[in-house]
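Novice: Below is the structure I would like to discuss, written out as structure tokens.
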Amino acid sequence: MKAYLSLTPLGFMAFNESNILVGIKRFELNPQLIAHKILDIENGKKLSEAEEILSELLSNNYSTIICDTEQLYELIKKTVAAKDLKIVLEKNNNVTVKVKADYDSLLTSYGGFKSSVEVNKFLNKICLTYTSEKIKVSASRRDMLIVQAIEALNDLDKNLNLNASRLREWFSLHFPEINDLVSNHQTYSKIISEIGFKENLTLQKLVELGIPDKRAELIINSVSKSLGANLIPNDINIIKLYANMIVNEFETRTRLEDYIDQAMEEVSPNIKSLAGSTLGARLISLAGGLANLAKMPASKIQILGAEKALFTYLKSGDRPPKHGIIFQHPLIHNAPKWQRGKIARALAGKLAIAARLDYYSPNINMNISDALDKRISEIKKKYRNPPEKTKKTKTSRKEKIKLSKKVLSKKRR
Amino acid sequence: MIEISEFKNFTGIYQVNDTGKRFLATINLTPGKKVYDEILIKFRNEELRTWDPFRSKLAAALLNGLEELPVREGSHILYLGAASGTTCSHISDIIGNQGRLYCIEFSPRSIRDLTTICEDRKNMLPILADARFPDRYSPLCGLVDIIYCDVAQPDQSKILVDNARLYLKPAGNIMITIKARSIDVTKPPAEIFKGEIEFLEKNGFLIKQKLRLEPYTSDHIFILGSLKKQ
Numbered sequence: 024m025k026a027y028l029s030l031t032p033l034g035f036m037a038f039n040e041s042n043i044l045v046g047i048k049r050f051e052l053n054p055q056l057i058a059h060k061i062l063d064i065e066n067g068k069k070l071s072e073a074e075e076i077l078s079e080l081l082s083n084n085y086s087t088i089i090c091d092t093e094q095l096y097e098l099i100k101k102t103v104a105a106k107d108l109k110i111v112l113e114k115n116n117n118v119t120v121k122v123k124a125d126y127d128s129l130l131t132s133y134g135g136f137k138s139s140v141e142v143n144k145f146l147n148k149i150c151l152t153y154t155s156e157k158i159k160v161s162a163s164r165r166d167m168l169i170v171q172a173i174e175a176l177n178d179l180d181k182n183l184n185l186n187a188s189r190l191r192e193w194f195s196l197h198f199p200e201i202n203d204l205v206s207n208h209q210t211y212s213k214i215i216s217e218i219g220f221k222e223n224l225t226l227q228k229l230v231e232l233g234i235p236d237k238r239a240e241l242i243i244n245s246v247s248k249s250l251g252a253n254l255i256p257n258d259i260n261i262i263k264l265y266a267n268m269i270v271n272e273f274e275t276r277t278r279l280e281d282y283i284d285q286a287m288e289e290v291s292p293n294i295k296s297l298a299g300s301t302l303g304a305r306l307i308s309l310a311g312g313l314a315n316l317a318k319m320p321a322s323k324i325q326i327l328g329a330e331k332a333l334f335t336y337l338k339s340g341d342r343p344p345k346h347g348i349i350f351q352h353p354l355i356h357n358a359p360k361w362q363r364g365k366i367a368r369a370l371a372g373k374l375a376i377a378a379r380l381d382y383y384s385p386n387i388n389m390n391i392s393d394a395l396d397k398r399i400s401e402i403k404k405k406y407r408n409p410p411e412k413t414k415k416t417k418t419s420r421k422e423k424i425k426l427s428k429k430v431l432s433k434k435r436r
Numbered sequence: 008m009i010e011i012s013e014f015k016n017f018t019g020i021y022q023v024n025d026t027g028k029r030f031l032a033t034i035n036l037t038p039g040k041k042v043y044d045e046i047l048i049k050f051r052n053e054e055l056r057t058w059d060p061f062r063s064k065l066a067a068a069l070l071n072g073l074e075e076l077p078v079r080e081g082s083h084i085l086y087l088g089a090a091s092g093t094t095c096s097h098i099s100d101i102i103g104n105q106g107r108l109y110c111i112e113f114s115p116r117s118i119r120d121l122t123t124i125c126e127d128r129k130n131m132l133p134i135l136a137d138a139r140f141p142d143r144y145s146p147l148c149g150l151v152d153i154i155y156c157d158v159a160q161p162d163q164s165k166i167l168v169d170n171a172r173l174y175l176k177p178a179g180n181i182m183i184t185i186k187a188r189s190i191d192v193t194k195p196p197a198e199i200f201k202g203e204i205e206f207l208e209k210n211g212f213l214i215k216q217k218l219r220l221e222p223y224t225s226d227h228i229f230i231l232g233s234l235k236k237q
């Protein structure tokens, strides 16, 4: 005989073909527990209630169990009793339709609820626990932490540039000459933060902070000839404070980079070996997570970050972008222009493989960089010289759009 | 001078006229509590919440001439793409404590905000799930009177059809907002809308009304329909 099995918030319910209840295995009527049981089933865990209802059905001569969802089917197949039963998956079968139609009356009669308002409260509690647990799981994914960290790094860089520019303008009121002589923001901030008044500058201190000898001499010499104003301690101290803040920001930046480096090593070592930690983290961020990146085709990875150029191309029919954020990779930006497209394609191809390796079997570091190096050296050898400049006949913009629309529509077919 | 009157013949929806400014409002199911930054207005013994058409496409559709709103007190509704719960909260107001709104949302970040709202509103059920796989929330959902679909995905019509097959009552109603840019960023919107409507009709739906949502949202169409009797 056939029994149709359904999972409801009350537990497992089995019906025969005439929609009569032939078996029920209740969950404890606690919304939080029920939510966890539903999550367990989603995560492929076994459930004792499933065993129990199957044994019951088996002993009542039901030999065929029809499940209405894939998750239920997978769960039932794993039970011990399944070996004596025929388990079938039939989505949206007639019995399920009836169960769904009578959902509220089933819940009120078997759950002991007095009204649909009470049913609402019960379901509301279950769903709150169910969803909260799922939110926690998604937040604990380490790739999400990397995404936030790299975005923080981007924000920090913007702030640093802003703050450092401000510091330069501000301090230049006192000692403008040093501005052009120290181009590195971090060194500049350190100098100001430690020294303050320009008169306190010594050759030794400058060299300690990393300034080469000749430049340090130039700086010291400019002090006496400086066109900047003399400031009182109050004025200098506040500038020093601001400079100190920037020095700390730089330190935070370094530690953030180290964190990202470590996390990338744990979470996606293969992407890290190909693209480095920062670029790798940026790719994960643009994709919206490692899972998403792993599902992308190489062609998409190639242009991640060049969305503006991509959509311009799609609408106008002009040239497509050759590379997005992977342009930051030295293999691409250091290469001569005519090689970049081919290198971008090769790199993106290997990145796609790396992402999949990292997502599906983390912690294994395979040497895909060797394969990439081989391909890159092939490209560099074959295309060592720039292509000959062919005479371009002037096609009007309208004709270009027409032509590429034709190409696009042919591709679609 | 604030004038409050019922909005056309739609139960549960009011029209507030405040010296020339006109907005829609619903009766607050949880008086004293705000969901986004709407304005709360005392009215008789109830409290109204203003409904922003720039944030809620359903409000935009109502203001642009939606002829029929199947959402009533006591309705059971499946909402695909609940996001942070702006439109959901107004539907929750209209359906009252006897109604039920299953809120399906895929983004953990958005549903986090929705969960806070659901703690106060017992007629809203937050479900973190992908609407592409309606089987997965099968234990939690019964049949519904209406499916409201606002997912902004290229295959959104298919998502609606798959969910309707499992959860929509016979002759049930659908409301779907179609974002042209989500489906194909290069085709002209009118062509996209035509394609989506044809798909829905081919899958057994009768299209009762289609509306543009300008000036509140651009390149969107709001469709009201129902499942044809088999």
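Protein chains in written order, with this note's numbering: chain A, 24 to 436; chain B, 8 to 237.
Think of the CB as a built atom: it goes at the ideal place given N, C-alpha and C, for glycine as much as any other residue.
Note that the coordinates shown come from a computational prediction; the quantities given were computed from them, not determined experimentally.
1. Hey, could you find the ends of the beta strand (DSSP E) residue 87 (chain A) is sitting in?
2. Just the C-alpha distance for residue 302 (chain A) and residue 359 (chain A), rounded to the nearest angstrom, thanks.
3. Please state whether the Cβ-Cβ distance between residue 67 (chain A) and residue 93 (chain A) is less than 9 Å.
4. List, from N- to C-terminal side, the alpha helix (DSSP H) runs of 4 residues or more that fit wholly inside the region 88-163 of chain B.
5. Terminal residues of the continuous beta strand (DSSP E) containing residue 351 (chain A)?
6. If you drop the 5 nearest sequence neighbours on each side, which residues of the same chain put their C-beta closer than 6 Å to that of residue 296 (chain A)?
7. Can the beta-carbon of residue 173 (chain B) be found closer than 9 Å to that of residue 183 (chain B)?
8. I need the DSSP call for residue 282 (chain A), collapsed to helix, strand or coil.
9. I need the DSSP call for residue 136 (chain A), collapsed to helix, strand or coil.
10. Check the C-beta distance from residue 47 (chain B) over to residue 53 (chain B) and give it rounded, since I have them as a contact under 8 Å.
11. Pick helix, strand or coil for residue 25 (chain B), following the three-state DSSP scheme.
12. Exposed or buried, what is residue 181 (chain B) when buried is set at 16 or more other beta-carbons lying within 10 Å of its beta-carbon?
13. Indicate whether residue 232 (chain A) and residue 243 (chain A) have their beta-carbon atoms separated by less than 9 Å.
14. With a floor of 4 residues, list each alpha helix (DSSP H) that falls wholly inside the region 56-117 of chain A, ordered by position along the chain.
15. Output needed for residue 175 (chain A): all residues of its chain with C-beta closer than 7 Å, excluding positions within five of it in sequence on either side, in chain order.
16. With 9 Å as the C-beta to C-beta threshold (strictly closer), list the residues of the region 131-142 of chain B near chain A in chain order.
17. Cα-Cα, which of B:204, B:205, B:56 and B:175 is closest to residue 101 (chain B)?
18. From residue 276 (chain B) to residue 11 (chain B), what distance separates their C-alpha atoms?
19. Taking residue 166 (chain A) as the reference, give the member of A:127, A:309 and A:128 with the closest Cα.
20. Please give me, in chain order, every unbroken run of the alpha helix (DSSP H) with length at least 4 that falls completely inside the region 201-283 of chain A.
21. Grab the span of the beta strand (DSSP E) containing residue 11 (chain B) for me, first residue to last.
22. Hey, is residue 186 (chain B)'s beta-carbon within less than 9 Å of any beta-carbon in chain A?
23. By how many angstroms is the C-alpha of residue 69 (chain A) removed from the C-alpha of residue 46 (chain A)?
24. Just to check my reading of the structure: residue 130 (chain B) and residue 104 (chain B) have Cβ atoms closer than 8 Å, yes? What is that Cβ distance to the nearest angstrom?
25. Ignore the nearest five residues each way along the sequence and tell me which others in residue 208 (chain A)'s own chain have a CB closer than 6 Å to its CB.
26. Is the separation between the beta-carbon of residue 184 (chain A) and that of residue 195 (chain A) shorter than 9 Å?
27. According to DSSP, simplified to helix, strand and coil, what is residue 196 (chain B)?
28. Taking 9 Å as the CB-CB cut-off, is residue 430 (chain A) touching chain B?
29. Among A:37, A:42, A:62 and A:325, which has the Cα closest to the Cα of residue 147 (chain B)?
30. Given residue 146 (chain A), which residues of its chain have a CB within under 7 Å of its CB, disregarding the five upstream and five downstream residues?
31. Taking all protein chains shown into account, do 16 or more other C-beta atoms lie within 10 angstroms of the C-beta of residue 123 (chain B), making it buried, or fewer, making it exposed?
32. For a contact meaning CB atoms closer than 8 Å, what does residue 32 (chain A) contact in chain B?
33. Tell me which same chain residues have a C-beta within less than 6 Å of the C-beta of residue 159 (chain B), skipping the five on either side of it?
34. Tell me which residue opens and which closes the beta strand (DSSP E) that residue 329 (chain A) is part of.
35. Provide the residue span of the beta strand (DSSP E) that contains residue 219 (chain B), from first to last.
36. Have a look at residue 273 (chain A) and residue 227 (chain A) and give me their C-alpha separation to the nearest angstrom.
Specialist: So, from the listed chains and residues:
1. The residue you call residue 87 (chain A) lines up with position 64 of the first sequence. 87-90 is the extent of the beta strand (DSSP E) around residue 87 (chain A).
2. Here residue 302 (chain A) refers to the residue found at position 279 of the first sequence. Here residue 359 (chain A) refers to the residue found at position 336 of the first sequence. Rounded to whole angstroms, residue 302 (chain A) to residue 359 (chain A) spans 21 Å at the Cα level.
3. The count along the first sequence starts at 1 and reaches residue 67 (chain A) at position 44. The count along the first sequence starts at 1 and reaches residue 93 (chain A) at position 70. Their beta carbons are not under 9 Å apart, which means residue 67 (chain A) does not touch residue 93 (chain A) by this criterion.
4. 93-102 and 115-127
5. As a working mapping, residue 351 (chain A) is identified with position 328 in the first sequence. It is not in any beta strand (DSSP E) - residue 351 (chain A) carries neither H nor E in the DSSP assignment.
6. Counting from one through the first sequence, the residue named residue 296 (chain A) turns up at place 273. The residues are 392.
7. Taking the second sequence and counting its residues from 1, one reaches residue 173 (chain B) at position 166. Taking the second sequence and counting its residues from 1, one reaches residue 183 (chain B) at position 176. Cβ distance not < 9 Å, so residue 173 (chain B) and residue 183 (chain B) don't count as in contact.
8. Walking along the first sequence from the start, residue 282 (chain A) turns up at place 259. DSSP places residue 282 (chain A) in helix when its eight states are reduced to three.
9. By 1-based counting over the first sequence, the position of residue 136 (chain A) is 113. Residue 136 (chain A): coil per DSSP, three-state reduction.
10. Here residue 47 (chain B) is taken as the residue at index 40 of the second sequence, counted from 1. Here residue 53 (chain B) is taken as the residue at index 46 of the second sequence, counted from 1. Going by Cβ atoms, the distance from residue 47 (chain B) to residue 53 (chain B) rounds to 11 Å, so no, they are not a contact pair.
11. The count along the second sequence starts at 1 and reaches residue 25 (chain B) at position 18. In this structure, residue 25 (chain B) counts as strand in the three-state DSSP scheme.
12. What you label residue 181 (chain B) is simply residue 174 of the second sequence in a count that begins at 1. So residue 181 (chain B) ends up on the buried side.
13. Here residue 232 (chain A) is taken as the residue at index 209 of the first sequence, counted from 1. Here residue 243 (chain A) is taken as the residue at index 220 of the first sequence, counted from 1. No; because the gap between Cβ atoms is not below 9 Å, this pair is not in contact.
14. 71-82 and 93-100
15. Taking the first residue of the first sequence as position 1, residue 175 (chain A) is located at position 152. Excluding residues within five positions, the ones whose Cβ falls inside 7 Å are 279.
16. 131, 132, 133, 134, 135, 136, 140 and 142
17. Position 94 of the second sequence, counted from the first residue, corresponds to residue 101 (chain B). That would be B:56, whose Cα lies nearest to the Cα of residue 101 (chain B).
18. In the structure as shown, chain B begins at 8 and stops at 237. Residue 276 (chain B) is therefore absent and cannot be evaluated.
19. Against the first sequence, residue 166 (chain A) aligns to sequence position 143. It is A:309.
20. 208-218, 226-231 and 236-248
21. Against the second sequence, residue 11 (chain B) aligns to sequence position 4. 9-13 is the span of the beta strand (DSSP E), which, as asked, contains residue 11 (chain B).
22. One-based indexing of the second sequence puts residue 186 (chain B) at position 179. So no, residue 186 (chain B) is outside the interface.
23. Here residue 46 (chain A) is taken as the residue at index 23 of the first sequence, counted from 1. Here residue 69 (chain A) is taken as the residue at index 46 of the first sequence, counted from 1. Their Cα atoms are separated by approximately 19 Å.
24. On the second sequence, position 123 is the one that residue 130 (chain B) refers to. On the second sequence, position 97 is the one that residue 104 (chain B) refers to. About 6 Å; that satisfies the 8 Å criterion.
25. For this step, residue 208 (chain A) is matched to residue 185 along the first sequence. The answer, listed in chain order, is 187.
26. By one-based count along the first sequence, residue 184 (chain A) stands at place 161. By one-based count along the first sequence, residue 195 (chain A) stands at place 172. No, they are not a contact pair.
27. As a working mapping, residue 196 (chain B) is identified with position 189 in the second sequence. It is helical.
28. Counted from its first residue, the first sequence places residue 430 (chain A) at position 407. Residue 430 (chain A) does not count as touching chain B.
29. In the second sequence, the residue the question calls residue 147 (chain B) occupies position 140. The residue with the shortest Cα to Cα distance from residue 147 (chain B) is A:62.
30. Numbered from its first residue, the first sequence carries residue 146 (chain A) at position 123. Within the same chain, residue 146 (chain A) has close Cβ partners 32.
31. Residue 123 (chain B) sits at position 116 when you count from the first residue of the second sequence. Classification for residue 123 (chain B): exposed.
32. The sequence position of residue 32 (chain A) within the first sequence is 9, counting from 1. Here the neighbours are 146 and 147.
33. Here residue 159 (chain B) refers to the residue found at position 152 of the second sequence. Contacts found: 186 and 189.
34. Here residue 329 (chain A) refers to the residue found at position 306 of the first sequence. It is not in any beta strand (DSSP E) - residue 329 (chain A) carries neither H nor E in the DSSP assignment.
35. Within the second sequence, numbered from 1, the residue matching residue 219 (chain B) stands at position 212. It spans 212-219 - the beta strand (DSSP E) in which residue 219 (chain B) sits, taken as one unbroken run.
36. Numbered from its first residue, the first sequence carries residue 273 (chain A) at position 250. Numbered from its first residue, the first sequence carries residue 227 (chain A) at position 204. If you take the alpha carbons of residue 273 (chain A) and residue 227 (chain A), they lie about 23 Å apart.
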